[in-house]
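Residue numbers (our numbering): 68 to 336. Ideal placement from N, C-alpha and C gives every residue a C-beta, glycine not left out. Here the structure is a predicted model, which is why all the values come from computation and not from measurement. These notes are about the structure you will find just below.
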Amino acid sequence: MSLKRDVLWLLKRYNISISKKLGQHFLVDEKIMKKVIQYLEPQKDDIVLEIGSGLGILTNLVAAHVKKVYAVEKDARMAEITRKLARDNVEVIVGDFLKIELPDFNKIIGNIPYAISSQITAKILLLKFDIAVLMYQKEFAERFKADPGTKKYGRITILVNYYADVELLDEVSPKAFYPKPEVYSRIVRFRRLKEPRVHVKSEELFFEITRILFSQRRKKVRNILRNYGIPFDEDAPYLEMRGDALSIEQIAELVNYISERKPHGGNPW
68 MSLKRDVLWL LKRYNISISK KLGQHFLVDE KIMKKVIQYL EPQKDDIVLE
118 IGSGLGILTN LVAAHVKKVY AVEKDARMAE ITRKLARDNV EVIVGDFLKI
168 ELPDFNKIIG NIPYAISSQI TAKILLLKFD IAVLMYQKEF AERFKADPGT
218 KKYGRITILV NYYADVELLD EVSPKAFYPK PEVYSRIVRF RRLKEPRVHV
268 KSEELFFEIT RILFSQRRKK VRNILRNYGI PFDEDAPYLE MRGDALSIEQ
318 IAELVNYISE RKPHGGNPW
């Protein structure tokens with residue numbers, strides 16, 4: 068029986084309708100599932116966190132290769148199916164990934180809802196893990212590897228590369244899902260760095276400067292800093308460059324220069 072037939076049978080068997088609000092699209096391509104598991108580099112001692120277990124099909128396939136899987140699912144109906152069909156080493160957690168307290172784990176897997184990709188990615192990168200293999204909307208995933216000065220280059224590019232090495236892997240057709248999404252997807256692998264990619268004296272200031280640089284991305288750095296009331300002098304680096312043209316290393320250099328000269332107290336600068 069094909070995976071699509073399995074999904075349709077389970078939905079009918081348990082009288083469940085798919086929630087558009089939750090962005091539910093079930094992966095039904097067995098070849099893609101096998102690739103996702105392969106990219107996770109599963110080991111017998113791994114503890115895996117799955118974001119959005121759905122009907123638990125991928126959950127059980129992963130569980131066959133690792134010590135334990137924590138399957139997080141917001142939809143209680145889906146979680147109940149996963150629980151009924153789960154292997155002994157699967158623990159189902161019903162709740163919103165963005166809000167719940169998470170157990171300890173070392174790897175992450177998941178098909179990320181497109182509407183909340185930024186929020187989920189931001190939370191993932193603050194967690195401790197070795198490898199994360201995630202499915203994103205193709206255009207969103209391409210932002211992770213965008214070059215400075217390009218349209219897709221932005222805050223998420225800086226955030227991801229600050230914390231992790233990023234690989235854009237297979238492009239996935241809408242046909243691999245049920246129901247079919249309107250866009251192509253991309254498998255992404257994060258390998259979290261032991262230390263951030265760049266050294267900054269203040270992470271708070273680093274992310275604040277990053278935010279304002281991309282809020283007025285076409286303006287010169289000089290004007291952006293002035294508009295936000297951030298003190299600087301004429302020796303500050305990259306003042307004549309556009310906000311969206313600075314690499315992560317250049318942003319770190321600018322932040323460290325400002326941080327060394329910031330007044331005490333008040334704002335992060």
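Shown here for Val103: same chain residues with a beta carbon closer than 6 Å to its own, the five before and five after excluded, namely Val200 in chain order. For Asn178, the enclosing beta strand (DSSP E) begins and ends at 174-178.
When C-alpha distances from Asp197 are compared across Val136, Arg259, Tyr230, Leu152, the shortest belongs to Arg259. Residues of the same chain with a CB within less than 7 Å of the CB of Pro170, apart from the 5 flanking positions on each side, are Tyr137 in chain order. Restricting attention to Ala312, Phe273, Val288, Lys247, the CA atom closest to the CA of Pro215 is found in Ala312. Taking C-beta atoms as the reference points, His92 and Pro298 fail to come closer than 8 Å. The beta-bridge partner set that DSSP reports for Leu235 consists of Val255. Remark: C-beta atoms of Lys111 and Val133 approach each other more closely than 8 Å. When the beta-carbon positions are compared, Val239 and Ile99 come within less than 8 Å of each other. By DSSP's assignment, Arg309 forms a beta bridge with Lys287. Around the beta carbon of Tyr230, 16 or more other beta carbons lie within 10 angstroms, which makes this residue buried. When rounded, the separation of the alpha-carbon atoms in Asp155 and Thr126 is 12 Å. Around the beta-carbon of Ala208, 16 or more other beta-carbon atoms lie within 10 Å, marking it buried.
Counting other Cβ atoms within 10 Å of its Cβ, Leu226 reaches 16 or more and is therefore classed as buried. In the DSSP assignment, Ala138 falls outside any alpha helix (DSSP H) and within the unbroken beta strand (DSSP E) covering 135-140. By the Cβ rule, the stretch 147-161 does not count as touching the stretch 179-193, because fewer than three pairs are nearer than 8 Å. Counting the other Cβ atoms within 10 Å of the Cβ of Tyr220 gives 16 or more, which makes it buried.
In this structure, Phe244 places its C-beta atom within 8 Å of the C-beta atom of Val95. Per the coordinates, the alpha-carbon of Arg222 lies some 15 Å from the alpha-carbon of Arg264. The beta carbons of Val233 and Val267 sit no closer together than 8 Å.
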